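With the sequence shown counted from 1, adding 3 to any position gets you the working numbering.
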Amino acid sequence: MLRNLLSNAFKFTERGQVSLHVRVATGGWTPNHDVLAHVNTVIAFAVSDTGIGIAADKQQVIFEAFQQADGTTSRKYGGTGLGLSISREIAQLLGGEIRLTSELGRGSTFTLYLPQSYVTVESARVRDDLTIFRQPVELSFSQSQALHALQAQTAALLMENALEDDRELIQPGDHTLLIIEDDVNFARILLDMVRQQGFRGLTATRGDMGLAMAREFKPTAIILDVRLPILDGWMVLDRLKHDPNTRHIPVHIMSVEEGLHRSLRQGAIAYQQKPITNEALSNALSVIKGFVERSVKNLLVVENDAAERQTILELVGNKDIASTVVGTGAEALEALQSTHYDCIVLDLGLPDMNGLELIEQIQQANRGGGNGHSPPSPPIVVYSKHELTRQQETELRRIADTHTVKDVRSPERLLDETALFLHRVQSALPDSKRRVLEQLQQHDPVLIGRKVLVVDDDVRNIFALTSMLERYQMRVLYAENGRDGITILQNNPDIDLVLMDIMMPEMDGYETIQRIRQIDHFASLPIIALTAKAMKGDRDKCLEAGASSYITKPDWMWINCSRC
């Protein structure tokens, strides 16, 4: 907390002085504070500067996440705007608070008030006899102590039970369904219906909370809204499907947004657009129940070459998979009429029809699937020993806009994609296959030798990203602002990918992306907006500016927490 306050003071003070005063305080905190008003000794840490100051109407805003007094992304001063928000939360966890006095153009004083000894709110209110509670812990103002408090807060949030769900009743062998939905009334309806279907129900009203509960409770299935506080549903789904411990959990999306094909491509089993009738909800829950109760999933392999068929079966098959093998498009269509398949592996070089034509016919036969009333059209993994022509690649991209189609070029990637769509538990796979997936998750051969440009004004982020990317044997260039990033791109036209921070001084990520897109050579260059700014609507703003995709940075305090 003091590092953050001092760092801000130096950053916003071009001339004059910065001072830190530590004293025993007799006042200055919020009157009737739950803890400070009831303890014997309060220590005040006052950080004062003669810098730019903060206008009165901005003095509360700056404590909110991703905010500075200059609220634009292209502001003069760098930083994410998370520091004060995190510091305020830590101060509250330790029984204290941060107060601000400031005048625009004349400097600021941030004062951190903390009890000399940490006590709970309940024990602080008992003035006369603290000994009936356990002895208060002497406070050590260390990073590890503060982060330990954050871990305790996470554990407490996991036990938050606003709708009185079934988390305390779960027994071994129970089917559990996690509802991640911020509309409490709708979540209550879902909870009742989930119980009627024989599930134990869990509820979370925020995206970050739902993600934490999924990792903690490992539910049998998840119903996920998209418009969620803190972390939206798309990011929750993305993180679930990139975590080996939660990747297999079937996720059913329910949202007011249109997102059927996007949700299925990311690994969801179905999508339903609100408003939803009770009958549709009941049907959707029946689909989920039927899916989770089928311990064996169905795979259709469409491959004319007998040797290649055997290779695919040996790679993908196991006791949890029932595989059907056919050699022509006609046989594939016949098999699909009699059985629902959870995934299809397809070679485009079929003897009786073009594989792309087969995909189109499968798509026509399954229109409306995946909307909660019926299972979706099975995802198709195109796998061929022959290189695709440019025309085939173009046609596949077109089809992928309306159907779940993935093109893979290696056996390892085939195993990975089929494991995603078949919702296979990675830890339950044979050792050899599990090692293949673990190796792929650490070293993707597609990335070896690729050149990446990281544009970020925080050298810590550049260091962390460079360290990670180099583990994949990628070559990394970096720039600390947008203008330098554009210059490096022009000097290195062979760059394969750009990771772009959004909140940078002088020229923000939005403007930088737009200027890159104006250069003909980089019109289709993959640009991923990589930012700590994960509020509602930020993803759409990044895509509108020209980004190819959007990923939120992990919150630094949670990364540090994992090291405790």
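The beta-carbon is built from N, C-alpha and C at its ideal position, and this holds for glycine as well. Please read these numbers as outputs of a predicted model, since none were measured by experiment.
Inter-residue spacing [alpha-carbon to alpha-carbon] between residue i and residue j
i	j	result
leucine 450	methionine 477	6 Å
threonine 223	leucine 193	16 Å
valine 455	leucine 500	5 Å
phenylalanine 113	glutamate 483	29 Å
phenylalanine 13	asparagine 7	10 Å
methionine 503	tyrosine 475	19 Å
valine 384	aspartate 60	55 Å
aspartate 169	histidine 178	11 Å
aspartate 241	glutamine 269	7 Å
isoleucine 402	serine 298	31 Å
leucine 181	alanine 217	7 Å
glutamate 141	serine 120	Confidence at glutamate 141 is low in this model, with a pLDDT of 40, below 50, so the placement of that residue should be treated as unreliable; the coordinate-derived value is given next. Approximately 5 Å, taken between the alpha carbons.
proline 175	threonine 314	38 Å
tyrosine 274	leucine 9	48 Å
glycine 19	glycine 110	10 Å
proline 496	glycine 549	18 Å
alanine 309	proline 414	16 Å
lysine 544	serine 88	23 Å
histidine 255	aspartate 228	9 Å
methionine 510	glycine 488	11 Å
alanine 72	serine 105	Annotation note: pLDDT 44 at alanine 72 (below 50); position unreliable, coordinate value reported separately. Roughly 12 Å separates the two Cα atoms.
leucine 23	glycine 485	35 Å
glutamine 366	histidine 524	35 Å
glutamate 184	threonine 421	29 Å
leucine 353	leucine 303	15 Å
glycine 108	isoleucine 519	37 Å
arginine 312	leucine 546	40 Å
leucine 472	arginine 453	10 Å
glutamine 70	glutamine 62	Any reading at glutamine 70 needs caution, since the residue's pLDDT is 47, under 50, leaving its predicted position unreliable; the model's value is listed next. In a straight line, the C-alpha of glutamine 70 is about 11 Å away from that of glutamine 62.
Helix, strand or coil at residue i according to DSSP, with G and I counted as helix
i	result
threonine 534	strand
histidine 24	strand
glutamate 118	Just to set this straight, residue 118 is proline in the shown sequence, not glutamate. Three-state result, proline 118: strand.
arginine 438	helix
serine 204	Checking the displayed sequence, the identity of residue 204 turns out to be glycine instead of serine. Looking at glycine 204 - three-state DSSP - the assignment turns out to be strand.
serine 298	coil
arginine 130	Low local confidence applies: a pLDDT of 41 at arginine 130 is under 50, so the model's placement there is unreliable, and no value is given.
lysine 277	coil
glutamate 17	coil
histidine 406	coil
serine 380	coil
glutamate 547	helix
lysine 322	coil
valine 462	helix
glycine 236	helix
leucine 231	coil
leucine 263	helix
isoleucine 291	helix
glycine 56	coil
asparagine 7	helix
glycine 110	strand
valine 428	coil
threonine 327	strand
leucine 303	strand
valine 411	strand
Paired residues, beta bridge with residue i - DSSP
i	result
glycine 352	Asn357
glutamine 366	None, per the DSSP bridge assignment.
aspartate 177	According to DSSP, aspartate 177 bridges with nothing at all.
alanine 224	Leu180
tyrosine 553	Ala532
arginine 478	Lys454
Cβ separation of residue i and residue j, assumed to be a contact under 8 Å, to the nearest whole Å
i	j	result
glutamate 398	leucine 336	At roughly 19 Å, the Cβ-Cβ gap does not stay under 8 Å, so glutamate 398 and leucine 336 are not in contact.
leucine 440	glutamine 429	6 Å
threonine 405	histidine 264	6 Å
alanine 47	arginine 26	5 Å
lysine 300	leucine 425	5 Å
Unbroken beta strand (DSSP E) run spanning residue i, endpoints
i	result
phenylalanine 48	45 to 52
leucine 500	500 to 503
arginine 589	Since the displayed the chain opens at 4 and closes at 567, residue 589 lies outside it and no answer follows.
Segment limits, alpha helix (DSSP H) that includes residue i
i	result
tyrosine 513	512 to 520
threonine 421	414 to 424
lysine 388	Lysine 388 -> no alpha helix (DSSP H), and no H or E assigned at all.
arginine 312	309 to 319
glutamate 92	86 to 96
valine 254	Run containing valine 254: none in the alpha helix (DSSP H); it sits in the beta strand (DSSP E), 254 to 258.
asparagine 494	485 to 494
isoleucine 65	Looking at the DSSP string, isoleucine 65 is not in any alpha helix (DSSP H), and its letter there is neither H nor E.
isoleucine 192	187 to 199
alanine 335	332 to 341
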